[in-house]
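J.: Which chain is which? The protein sequence lines are A and B, in order. Under our numbering, think of the first position of the first sequence as 9, with each following residue one higher. Under our numbering, think of the first position of the second sequence as 9, with each following residue one higher. Right, I'll just put the structure down here and ask away after.
2 protein chains.
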Amino acid sequence: MAGHSPSVSVKDVAAAAGVSIGTVSNVLNRPDRVAAPTRDRVERAMADLGFVRNESARSLRAGSTRALAYVMLDAGNPFFTDVAEGIERAAEHAGLSLFLCNSGGRARREATHVEHLEQQRVQGLLITPVDPESRTLDAIAARGMPLVIVDRIRKGHQFCSVAVDDVLGGRLAVEHLIDQGHRRVALIGGPLSIGQVADRFEGARAAWAEARLPPDDLVVIVVETLTVAEGRHAGERLAGLPSGRRPTAAFCANDLVALGLLQQATAAGLRVPDQLAIVGYDDIEFAAAAAVPLTSVRQPRQELGRVASALVLDEASNPGHQHQQMIFTPELVARASTLG
Amino acid sequence: MAGHSPSVSVKDVAAAAGVSIGTVSNVLNRPDRVAAPTRDRVERAMADLGFVRNESARSLRAGSTRALAYVMLDAGNPFFTDVAEGIERAAEHAGLSLFLCNSGGRARREATHVEHLEQQRVQGLLITPVDPESRTLDAIAARGMPLVIVDRIRKGHQFCSVAVDDVLGGRLAVEHLIDQGHRRVALIGGPLSIGQVADRFEGARAAWAEARLPPDDLVVIVVETLTVAEGRHAGERLAGLPSGRRPTAAFCANDLVALGLLQQATAAGLRVPDQLAIVGYDDIEFAAAAAVPLTSVRQPRQELGRVASALVLDEASNPGHQHQQMIFTPELVARASTLG
DNA sequence: TTGTACGCGTTATCAT
DNA sequence: ATGATAACGCGTACAA
Numbered sequence: 009m010a011g012h013s014p015s016v017s018v019k020d021v022a023a024a025a026g027v028s029i030g031t032v033s034n035v036l037n038r039p040d041r042v043a044a045p046t047r048d049r050v051e052r053a054m055a056d057l058g059f060v061r062n063e064s065a066r067s068l069r070a071g072s073t074r075a076l077a078y079v080m081l082d083a084g085n086p087f088f089t090d091v092a093e094g095i096e097r098a099a100e101h102a103g104l105s106l107f108l109c110n111s112g113g114r115a116r117r118e119a120t121h122v123e124h125l126e127q128q129r130v131q132g133l134l135i136t137p138v139d140p141e142s143r144t145l146d147a148i149a150a151r152g153m154p155l156v157i158v159d160r161i162r163k164g165h166q167f168c169s170v171a172v173d174d175v176l177g178g179r180l181a182v183e184h185l186i187d188q189g190h191r192r193v194a195l196i197g198g199p200l201s202i203g204q205v206a207d208r209f210e211g212a213r214a215a216w217a218e219a220r221l222p223p224d225d226l227v228v229i230v231v232e233t234l235t236v237a238e239g240r241h242a243g244e245r246l247a248g249l250p251s252g253r254r255p256t257a258a259f260c261a262n263d264l265v266a267l268g269l270l271q272q273a274t275a276a277g278l279r280v281p282d283q284l285a286i287v288g289y290d291d292i293e294f295a296a297a298a299a300v301p302l303t304s305v306r307q308p309r310q311e312l313g314r315v316a317s318a319l320v321l322d323e324a325s326n327p328g329h330q331h332q333q334m335i336f337t338p339e340l341v342a343r344a345s346t347l348g
Numbered sequence: 009m010a011g012h013s014p015s016v017s018v019k020d021v022a023a024a025a026g027v028s029i030g031t032v033s034n035v036l037n038r039p040d041r042v043a044a045p046t047r048d049r050v051e052r053a054m055a056d057l058g059f060v061r062n063e064s065a066r067s068l069r070a071g072s073t074r075a076l077a078y079v080m081l082d083a084g085n086p087f088f089t090d091v092a093e094g095i096e097r098a099a100e101h102a103g104l105s106l107f108l109c110n111s112g113g114r115a116r117r118e119a120t121h122v123e124h125l126e127q128q129r130v131q132g133l134l135i136t137p138v139d140p141e142s143r144t145l146d147a148i149a150a151r152g153m154p155l156v157i158v159d160r161i162r163k164g165h166q167f168c169s170v171a172v173d174d175v176l177g178g179r180l181a182v183e184h185l186i187d188q189g190h191r192r193v194a195l196i197g198g199p200l201s202i203g204q205v206a207d208r209f210e211g212a213r214a215a216w217a218e219a220r221l222p223p224d225d226l227v228v229i230v231v232e233t234l235t236v237a238e239g240r241h242a243g244e245r246l247a248g249l250p251s252g253r254r255p256t257a258a259f260c261a262n263d264l265v266a267l268g269l270l271q272q273a274t275a276a277g278l279r280v281p282d283q284l285a286i287v288g289y290d291d292i293e294f295a296a297a298a299a300v301p302l303t304s305v306r307q308p309r310q311e312l313g314r315v316a317s318a319l320v321l322d323e324a325s326n327p328g329h330q331h332q333q334m335i336f337t338p339e340l341v342a343r344a345s346t347l348g
């Protein structure tokens with residue numbers, strides 16, 4: 009029950025239990041090869057001394073760590089924490105720890121995290137990168153670190169990735185709005201350099217074109233970041249339009265933007281969905297929880313995490329591993345924000 | 009630019025650069041003691057071979073890790089990710105990595121995470137425990153691991169903690185409602201075994217008593233978990249009451265419950281705040297972003313994380329460290345959900 | 001069944 | 001300024 013800072017090692021345990029360090033190690037790693045009485049004595053000694061196995065030494069010797077890591081783009085966005093939850097479950101099932109690191113969208117911090125993680129020799133690295141095209145990722149993979157890109161696409165087949173079909177998602181959203189009778193729709197999102205945003209808009213345009221509606225009636229409002237605040241700003245711009253020119257519906261590139269828009273619209277006295285219908289993206293819990301429950305395009309978030317984990321573990325342990333790009337199918341969840 | 013799975017070590021770099029491993033180590037740790045030309049040669053070799061310093065070996069030798077860890081109670085709750093953000097900043101500033109682990113409220117998973125982290129010899133452990141009274145925490149601290157309890161209180165002074173004065177928070181919320189003229193108020197939260205919930209309600213009752221209002225007009229609705237879903241259920245119960253007996257205001261033990269309540273109330277046709285005023289707790293971003301922006305009791309979340317980090321680092325490096333229990337002061341942020 | 005001894009990759013000390 | 005070498009704590013052949 010005692011034990012102090014100078015941490016106690018197998019050697020100390022061995023001395024206290026009157027056995028050799030080899031036996032202590034066996035108690036730790038192959039308990040069956042140790043006679044029960046000896047084992048008890050050793051375990052008692054470990055408890056008494058407060059022995060804590062040194063993972064640095066263990067993994068140095070063993071050559072591999074018992075941990076996975078996920079570098080998140082934004083821990084404040086429930087979408088990513090749900091993905092993380094899926095990874096967490098998979099890691100737990102595989103007997104591994106999961107370290108979550110948050111880049112907060114900052115490339116610098118992301119690089120630091122990745123560097124440390126690589127030095128830690130984690131078994132595998134899952135990442136939603138700030139910039140999916142960054143060559144840094146190739147360098148990491150080239151050094152042999154199992155790597156899976158989460159919720160982003162990378163051209164080529166340098167590594168595994170899991171993502172959702174954003175073009176389809178955009179299409180589903182706008183088809184739904186057209187079905188509901190809308191003929192003038194706003195697309196709100198940005199920056200357009202984010203592949204996902206571009207894809208969602210592309211799908212939206214495709215649906216619009218197929219319905220033979222005039223391109224000019226699909227109004228793009230570009231925002232700087234996918235946040236609630238930007239959603240509010242977009243709402244102000246929208247509310248400022250003369251009611252004749254104002255879209256009757258908006259498709260937002262994610263739920264945060266949609267929630268901001270919903271709030272601003274409500275504040276400006278626009279009734280949702282009567283005067284303004286809103287579709288979000290991601291279907292985070294807060295979308296369903298909004299005062300006017302939000303119609304949203306749902307992505308299989310936990311599934312994304314589960315599959316990403318499976319891929320990274322395969323790459324870590326299967327010599328015949330083949331990189332795969334998994335694309336999941338999104339699904340529209342219609343709620344009050346579009347259902348009159 | 010090459011480099012393969014069998015990871016390259018200082019030895020390989022030394023050979024490639026035609027120097028001794030001591031010199032390579034010096035390039036890594038005290039570059040100034042190495043002549044510029046030699047240094048360049050070594051650095052070139054490191055890059056060519058794709059050398060990645062092995063942190064296990066480094067920390068085994070050095071005896072300490074370059075990382076902090078925060079074991080979160082619920083990564084899906086924005087409150088905790090904000091706290092984590094504060095810790096992240098502090099860690100970054102101290103040149104440390106931060107590993108976020110999520111227990112998701114499960115004691116079992118929490119124990120596993122803590123065990124691994126202790127084995128990793130992280131420099132310090134921050135934790136919002138599932139059960140603040142658990143003796144496991146004492147055991148960890150007894151073994152010499154710097155430990156700080158975040159957002160929970162533990163009787164006694166066995167370790168550092170940072171928390172917010174929940175009694176005061178509850179008082180602020182209810183005083184505000186009384187100020188607004190409410191004379192029949194619901195307290196929604198639970199389970200009561202959570203110290204925070206109990207404290208917030210205690211503060212609420214104190215404010216009520218000081219205003220000399222009849223105790224029976226402070227109605228407690230106990231919920232099973234502090235989630236949006238439970239908030240909705242509470243809303244149903246509330247809406248089911250005859251309007252004479254129905255409270256005109258509700259104080260929810262956190263924002264998730266408040267958002268659920270807001271949604272249900274809206275769906276049931278209750279106007280907020282006219283027929284039902286709502287106060288939440290935590291002031292997460294989604295509280296301000298709600299269609300009817302939520303009045304809430306704000307906790308200094310990032311500050312909580314920053315101070316917790318400072319405490320754990322002090323404990324890790326200052327031999328004269330004294331355990332401290334920091335209590336922060338909450339603040340009421342009044343918004344439309346209570347302002348007629 | 002238990003003990004001995006070596007090596008994992010790095011750092012730091014001490015020579016040179 | 002650079003090189004040789006002994007730890008750090010653990011796991012694992014191999015020997016007993």
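For every residue, glycine included, the Cβ atom is placed at its ideal position computed from N, Cα and C. Only a predicted model underlies this, so the values are computations on that prediction, with no experimental measurement involved.
#1: So, using beta-carbon positions, are B:L340 and B:A181 closer together than 9 Å?
#2: Identify each residue in the region 274-298 of chain A for which the Cβ-Cβ distance to at least one residue of chain B is less than 7 Å, and report them in chain order.
#3: Residues of chain B with CB under 7 Å from A:S67, in chain order?
#4: Relative to the C-alpha of A:R191, which candidate in A:C168, A:A75, A:P199, A:V227 has its C-alpha closest?
#5: Residues of the region 205-236 of chain B in Cβ contact with chain A at a cutoff of 8 Å, in chain order, please.
#6: Counting along the chain, where does the alpha helix (DSSP H) carrying A:L350 start and finish?
#7: Determine whether the Cβ of A:V126 lies closer than 9 Å to any Cβ atom of chain B.
#8: Which residues, in order along the region 88-99 of chain A, keep a beta-carbon less than 8 Å from a beta-carbon of chain B?
#9: Whose CA, out of A:A99, A:G132, A:A102, A:D139, lies closest to the CA of A:R117?
#10: In this structure, how does DSSP classify B:S17 when only helix, strand and coil are distinguished?
#11: What separation, rounded to the nearest whole angstrom, lies between the Cα atoms of A:Q310 and A:D90?
#12: Listing by chain order, which chain B residues have their CB less than 7 Å from the CB of A:P86?
#13: With a threshold of 7 Å on Cβ separation, who are the neighbours of A:G11 within its own chain once the five nearest residues in sequence on each side are excluded?
#14: Opposite B:I286 in the DSSP bridges: which residues?
#15: Using a Cβ cut-off of 9 Å, pull out every chain B residue sitting near A:Q271, in sequence order please.
#16: Just checking: is the beta-carbon of B:C109 within a distance shorter than 9 Å of some beta-carbon in chain A?
#17: When the Cα atoms are used, what is the spatial distance from A:G189 to A:A215?
#18: Which residue from B:A273, B:L125, B:S345, B:A316 puts its Cα closest to that of B:N110?
#19: Strictly below 8 Å CB to CB, what residues from chain B border A:L145?
#20: Here's the rule I'm using: 16 or more other beta-carbon atoms within 10 Å means buried, otherwise exposed. How should B:D48 be labelled?
#21: By the three-class DSSP mapping on this structure, what secondary structure does B:A77 have?
#22: Would B:R171 pass as an interface residue toward chain A - the criterion being a Cβ-Cβ separation below 9 Å?
#23: Which value, in whole angstroms, describes the spacing of the CA atoms of A:R162 and A:R143?
#24: Compare the C-beta of A:T73 with all C-beta atoms of chain B and state if any pair is closer than 9 Å.
#25: What are the boundary residues of the alpha helix (DSSP H) that B:T233 is part of?
#26: Between which two residues does the beta strand (DSSP E) carrying B:A194 extend?
#27: Under 9 Å, Cβ to Cβ, is there at least one residue of chain B near A:A150?
#28: Mind checking if B:G112 is an interface residue toward chain A, Cβ cutoff 9 Å exclusive?
#29: Within the chosen definition, does the region 268-279 of chain A reach the region 238-247 of chain A through at least 3 CB pairs nearer than 8 Å?
#30: Once the 5 residues before and after A:S67 are set aside, which same chain residues still bring their CB inside 7 Å of it?
#31: Quick one: grab the DSSP three-state call for A:G164.
#32: So for A:I335, helix, strand or coil by DSSP?
#33: Any beta-carbon of chain A closer than 9 Å to the one on B:S17?
#34: Can you find a C-beta in chain A that's less than 9 Å from the C-beta of B:V60?
#35: Give a yes or no on whether 9 Å exceeds the smallest Cβ distance from B:H329 to chain A.
#36: Tell me B:F107's beta-bridge partners as DSSP assigns them.
T.: A quick look at the data gives this:
#1: The count along the second sequence starts at 1 and reaches residue 340 of chain B at position 332. The count along the second sequence starts at 1 and reaches residue 181 of chain B at position 173. Contact flag set, yes.
#2: T274, E293, F294, A297, A298
#3: Along the first sequence, read from residue 1 onward, the residue named residue 67 of chain A stands at position 59. What A:S67 touches in chain B: S64.
#4: In the first sequence, counting from the first residue as 1, residue 191 of chain A sits at position 183. The shortest Cα separation from A:R191 among A:C168, A:A75, A:P199, A:V227 belongs to A:V227.
#5: V236
#6: It is not possible to answer for residue 350 of chain A, since the shown part of chain A is limited to 9 through 348.
#7: Numbered from its first residue, the first sequence carries residue 126 of chain A at position 118. Checking the sequence, you will find Glu at residue 126 of chain A rather than Val. Output row for A:E126: interface = yes.
#8: T89, D90, A92, E93, E96
#9: Sequence index remark: in the first sequence, residue 117 of chain A carries index 109 (1-based). Of A:A99, A:G132, A:A102, A:D139, the residue nearest in Cα terms is A:D139.
#10: Locating residue 17 of chain B in the second sequence gives position 9, counting from the first residue. DSSP places B:S17 in coil when its eight states are reduced to three.
#11: Here residue 310 of chain A refers to the residue found at position 302 of the first sequence. Here residue 90 of chain A refers to the residue found at position 82 of the first sequence. Those two C-alpha atoms are separated by around 6 Å.
#12: Against the first sequence, residue 86 of chain A aligns to sequence position 78. Within 7 Å Cβ-Cβ: G84.
#13: Here residue 11 of chain A corresponds to residue number 3 of the first sequence, with the count starting at 1. A caution first: A:G11 carries a pLDDT of 32, below 50, which makes its placement in the model unreliable, though a value can still be read off. The residues are L57, G58.
#14: Numbered from 1 along the second sequence, position 278 holds the residue referred to as residue 286 of chain B. Looking at the DSSP assignment, B:I286 forms a beta bridge with B:A258.
#15: The sequence position of residue 271 of chain A within the first sequence is 263, counting from 1. Under the 9 Å cutoff, chain B gives A296, A297, A298, A299, V300, P301.
#16: The residue you call residue 109 of chain B lines up with position 101 of the second sequence. Answer yes: the Cβ-Cβ gap between B:C109 and chain A drops below 9 Å somewhere.
#17: Here the question's residue 189 of chain A lines up with position 181 in the first sequence. Here the question's residue 215 of chain A lines up with position 207 in the first sequence. The straight-line gap from Cα to Cα measures roughly 14 Å.
#18: As a working mapping, residue 110 of chain B is identified with position 102 in the second sequence. Of the listed residues, the one whose Cα sits closest to B:N110 is B:L125.
#19: Your numbering for residue 145 of chain A matches position 137 in the first sequence. Per Cβ cutoff of 8 Å: no residues; A:L145 is ~14 Å from chain B at best.
#20: Position 40 of the second sequence, counted from the first residue, corresponds to residue 48 of chain B. Under this definition B:D48 is an exposed residue.
#21: Numbered from 1 along the second sequence, position 69 holds the residue referred to as residue 77 of chain B. Looking at B:A77 - three-state DSSP - the assignment turns out to be strand.
#22: As a working note, residue 171 of chain B is residue 163 in the second sequence. With the sequence shown as reference, residue 171 of chain B is identified as Ala, and Arg is not the correct amino acid for it. With 9 Å as the cut-off, B:A171 does not count as an interface residue toward chain A.
#23: The residue you call residue 162 of chain A lines up with position 154 of the first sequence. The residue you call residue 143 of chain A lines up with position 135 of the first sequence. Those two C-alpha atoms are separated by around 11 Å.
#24: Start at 1 with the first residue of the first sequence, and residue 73 of chain A comes out as number 65. Answer yes: the Cβ-Cβ gap between A:T73 and chain B drops below 9 Å somewhere.
#25: Counting from one through the second sequence, the residue named residue 233 of chain B turns up at place 225. No alpha helix (DSSP H) holds B:T233; DSSP gives it neither H nor E.
#26: Within the second sequence, the letter at position 186 stands for residue 194 of chain B. Element bounds for B:A194: 193-197.
#27: By 1-based counting over the first sequence, the position of residue 150 of chain A is 142. Yes, contact with chain B.
#28: Position 104 of the second sequence, counting from 1, holds the residue named residue 112 of chain B. So yes, B:G112 belongs to the interface.
#29: yes
#30: Taking the first residue of the first sequence as position 1, residue 67 of chain A is located at position 59. If we look at A:S67 and ignore the five residues flanking it on each side, its Cβ neighbours are T73, R129.
#31: Locating residue 164 of chain A in the first sequence gives position 156, where the first residue counts as 1. The answer is coil: DSSP assigns A:G164 none of H, G, I, E or B.
#32: Numbered from its first residue, the first sequence carries residue 335 of chain A at position 327. Of the three classes helix, strand and coil, the one that applies to A:I335 here is strand, per DSSP.
#33: Indexing the second sequence from 1 puts residue 17 of chain B at position 9. Not closer than 9 Å to any Cβ of chain A, the Cβ of B:S17 fails to qualify, so no.
#34: Position 52 of the second sequence, counted from the start, is the residue given in the question as residue 60 of chain B. Yes, its Cβ sits closer than 9 Å to a Cβ of chain A.
#35: Mapped onto the second sequence, residue 329 of chain B falls at position 321. False, the Cβ-Cβ gap to chain A never drops below 9 Å.
#36: The residue you call residue 107 of chain B lines up with position 99 of the second sequence. Its beta-bridge partners are B:A77.
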